[in-house]
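Structure first, then comments.
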Amino acid sequence: MACISLLVPDLESKLVENAADQPMRAAIEEHRAESLLGYLRAVFEIRDSLPFRERRPLELWFRGADREHDPIPSLFRYEYANESEIRREFRRRGIQMVAEREPQDEWEWYFLMRHHNAPTRLLDWTDSALIALYFALRSPLPEATPPAVWVLNPAKLNEVVCNTDSIVLSNEPQAAGYLPQPGREELRPELPIAVDPIHVSRRLAVQRSRFTIHGCDRNGLITIAARHAGILFRIGIESNSASTILNDLRTCGVSETTIFPDLEGLSRELLQECGAQI
10 MACISLLVPD
20 LESKLVENAA
30 DQPMRAAIEE
40 HRAESLLGYL
50 RAVFEIRDSL
60 PFRERRPLEL
70 WFRGADREHD
80 PIPSLFRYEY
90 ANESEIRREF
100 RRRGIQMVAE
110 REPQDEWEWY
120 FLMRHHNAPT
130 RLLDWTDSAL
140 IALYFALRSP
150 LPEATPPAVW
160 VLNPAKLNEV
170 VCNTDSIVLS
180 NEPQAAGYLP
190 QPGREELRPE
200 LPIAVDPIHV
210 SRRLAVQRSR
220 FTIHGCDRNG
230 LITIAARHAG
240 ILFRIGIESN
250 SASTILNDLR
260 TCGVSETTIF
270 PDLEGLSREL
280 LQECGAQI
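Put into structure tokens, the structure is as follows:
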């Protein structure tokens with residue numbers, strides 16, 4: 010199925026979609042945690058529930074968010090976002106702002122866009138369970154929207170979507186249709202795949218970043234996970250445990266300067282030590 014327009018559906022359409030997706034969300038296996046130890050126990054339970062792989066170790070990816078925030082790429086959250094225009098403007102105006110190595114191709118630019126919060130069809134993950142938990146907890150959330158960590162089995166996702174049980178590199182054939190080329194704006198794939206990025210910045214490397222790239226279906230990850238067990242899980246974190254878990258993470262060496270190794274990260278960490286909330 011071709012996806013001709015890259016404009017995001019209007020608000021009414023999104024509300025209809027959200028209502029229709031409730032049964033699919035209910036099919037996602039959920040775990041609960043009230044402490045750092047409980048969280049790690051949930052991670053290990055998920056890992057141990059999956060089939061053993063002889064050829065290579067099982068790899069899990071993690072994404073910190075609030076419990077009601079579905080794993081949907083940022084591009085699909087803006088009503089009038091036009092991907093082609095955003096990509097063109099980011100590259101045209103961003104070339105003089107690149108502080109590290111200049112991106113060498115369209116994929117490297119695309120990964121850089123996502124890492125600097127430009128709207129894309131990329132969803133960022135990490136292969137570090139502790140880094141994802143820190144992201145889920147670092148900003149205070151309303152009590153009605155408790156934090157959560159999504160857990161992805163990327164090899165299983167790719168096995169179902171593109172018939173390979175390995176993580177796809179951006180220059181491999183399975184990824185070819187996901188990044189429209191000039192003169193070919195239609196987006197053909199519907200469902201997301203897991204791709205390994207080129208670490209074009211130090212921040213990407215230290216955060217152990219991984220990505221899923223999504224197709225036409227804005228809820229593609231939820232859609233496929235509801236149909237196939239063993240792809241996507243969610244660990245809900247008790248809100249009243251957040252500050253204790255954050256302190257435990259800092260004791261384990263996970264802090265602002267761990268995941269943001271720059272002066273901005275250092276400044277935020279010093280603010281936290283003064284009692285400020287970031």
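Residue numbers (the numbering used here): 10 to 287.
Every residue gets a Cβ at the ideal spot worked out from N, C-alpha and C, and that includes glycine.
Practice task
Just grab the DSSP bridge partners of residue 202 for me.
Solution key: Stepping through the sequence shown from its first residue, residue 202 is reached at position 193. Looking at the DSSP assignment, residue 202 forms a beta bridge with 222.
Practice task
Assuming residue 89 contacts residue 128 (C-beta within less than 8 Å), just tell me the rounded distance between them.
Solution key: For the purposes of this step, residue 89 is identified with residue 80 of the sequence shown, where counting begins at 1. For the purposes of this step, residue 128 is identified with residue 119 of the sequence shown, where counting begins at 1. In fact, because the Cβ distance is near 10 Å, the residues do not count as touching under 8 Å.
Problem - Cα-Cα separation, residue 141 to residue 134 - result: By one-based count along the sequence shown, residue 141 stands at place 132. By one-based count along the sequence shown, residue 134 stands at place 125. About 8 Å.
Handout entry: Pairwise C-alpha distance: residue 130 and residue 234
Key = Locating residue 234 in the sequence shown gives position 225, where the first residue counts as 1. Locating residue 130 in the sequence shown gives position 121, where the first residue counts as 1. Near 18 Å, if we compare the C-alpha coordinates of residue 130 and residue 234.
Handout entry: Cut-off 6 Å between Cβ atoms - residues of its own chain near residue 242, not counting five sequence neighbours on either side
Key = Residue numbering aside, residue 242 sits at position 233 when the sequence shown is read from its first letter. Taken in chain order, the residues that qualify are 38, 55 and 160.
Practice task
Using alpha carbons as the reference points, say which of 202, 269, 155 and 114 lies closest to residue 252.
Solution key: Looking up residue 252 in the sequence shown gives position 243. Checked all of 202, 269, 155 and 114; the closest Cα to residue 252 is 155.
Problem - Closest residue to residue 50 among 245, 263, 121 and 271 (Cα-Cα distance) - result: Residue numbering aside, residue 50 sits at position 41 when the sequence shown is read from its first letter. Comparing Cα positions, the closest option is 245.
Problem - Cβ neighbour criterion (16 or more within 10 Å) applied to residue 224 - result: Stepping through the sequence shown from its first residue, residue 224 is reached at position 215. Burial state of residue 224 is buried, judged by a 10 Å Cβ sphere holding 16 or more other Cβ atoms.
Practice task
Would you check if the stretch 201 to 208 and the stretch 174 to 185 touch, i.e. whether three or more CB-CB distances between them fall below 8 Å?
Solution key: yes
Exercise for the section: Flag this pair as yes or no: are the beta carbons of residue 305 and residue 132 separated by less than 8 Å? Expected result: For the chain, the structure presents residues 10 to 287; residue 305 sits outside this window and is missing.
Problem - Sequence-distant residues of the same chain with beta carbon closer than 8 Å to residue 44, five excluded per side - result: Taking the first residue of the sequence shown as position 1, residue 44 is located at position 35. Cβ within range, chain order: 250, 253, 254 and 257.
Exercise for the section: Count the other C-beta atoms from every protein chain shown that fall within 10 angstroms of the C-beta of residue 70, then say buried if there are 16 or more, exposed otherwise. Expected result: For the purposes of this step, residue 70 is taken as residue 61 along the sequence shown, with counting starting at 1. It is buried - the Cβ of residue 70 has at least 16 other Cβ atoms within 10 Å.
Exercise for the section: Have a look at residue 217 and residue 181 and give me their C-alpha separation to the nearest angstrom. Expected result: The residue you call residue 217 lines up with position 208 of the sequence shown. The residue you call residue 181 lines up with position 172 of the sequence shown. Rounded to the nearest whole angstrom, the C-alpha separation of residue 217 and residue 181 is 21 Å.
Exercise for the section: Look up residue 182 in the DSSP assignment and say whether it is helix, strand or coil. Expected result: Taking the sequence shown and counting its residues from 1, the one referred to as residue 182 is at position 173. If DSSP states are grouped into helix, strand and coil, residue 182 belongs with the helices.
Handout entry: CB contact check: residue 99 to chain D, cutoff 8 Å
Key = In the structure shown, chain D cannot be found, because there is only a single protein chain.
Problem - residue 274 (DSSP reduced to helix, strand or coil) - result: Position 265 of the sequence shown, counted from the start, is the residue given in the question as residue 274. The answer is helix: DSSP assigns residue 274 an H, G or I state.
Handout entry: For residue 219 and residue 125, the rounded distance between their alpha carbons
Key = Translated into positions along the sequence shown, residue 125 becomes position 116. Translated into positions along the sequence shown, residue 219 becomes position 210. So the alpha carbons of these two residues sit roughly 14 Å apart.
Problem - Distance between residue 101 and residue 67 (C-alpha atoms, nearest Å) - result: Sequence index remark: in the sequence shown, residue 67 carries index 58 (1-based). Sequence index remark: in the sequence shown, residue 101 carries index 92 (1-based). Looking at the two C-alpha atoms, the distance is approximately 40 Å.
Practice task
Would you mind reading off the limits of the beta strand (DSSP E) that contains residue 41?
Solution key: In the sequence shown, the residue the question calls residue 41 occupies position 32. Its beta strand (DSSP E) spans residues 38 to 42.
Problem - C-beta atoms of residue 138 and residue 75 nearer than 8 Å - result: Along the sequence shown, one-based indexing puts residue 138 at 129. Along the sequence shown, one-based indexing puts residue 75 at 66. Between residue 138 and residue 75, the C-beta spacing is not below 8 Å.
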